[in-house]
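Colleague: My numbering numbers the first residue of the sequence shown as -19 and each following residue consecutively. Below: one structure in structure tokens.
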Amino acid sequence: MDSEMNVSVPKVMNAMQVAEYLGISKQGAYNLMNSGSFPTLRVGKRLLVSTDRFLEWIESHSDNIKVEI
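Structural data, given as structure tokens:
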């Protein structure tokens, strides 16, 4: 029996999903998605991001994350 969990991960994420994942506001997600350095794609008026590219972006920007204690 395979012990891996089958978790449904969307292929693309919208601003609300990005906000929830990052723990920021929806407006913050829109600002990030419109920044020009974020891997966003536009479908009509919708801003979306490929989940794979989003996770790669997080990995490549993890050195810039500052944690305040």
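Backbone N, C-alpha and C fix where the C-beta goes; we use that ideal spot for every residue, glycine too.
1) What runs of the alpha helix (DSSP H), each 4 residues or longer, lie entirely inside the region -7 to 27?
2) Compute the Euclidean distance between the alpha carbons of residue 25 and residue 43, then round it to the nearest angstrom.
3) Do residue -7 and residue 28 come within 8 Å of each other at the CB atom, strictly closer than that value?
4) Does the beta-carbon of residue -11 have 16 or more other beta-carbons within 10 angstroms, so that it is buried, or is it exposed?
Modeller: On the basis of the supplied data:
1) -5 to 2, 6 to 13
2) By one-based count along the sequence shown, residue 25 stands at place 45. By one-based count along the sequence shown, residue 43 stands at place 63. Approximately 32 Å, taken between the alpha carbons.
3) Taking the sequence shown and counting its residues from 1, the one referred to as residue 28 is at position 48. Taking the sequence shown and counting its residues from 1, the one referred to as residue -7 is at position 13. Yes, the Cβ-Cβ distance between residue 28 and residue -7 is below 8 Å.
4) Along the sequence shown, read from residue 1 onward, the residue named residue -11 stands at position 9. With fewer than 16 other Cβ atoms within 10 Å, it is exposed.
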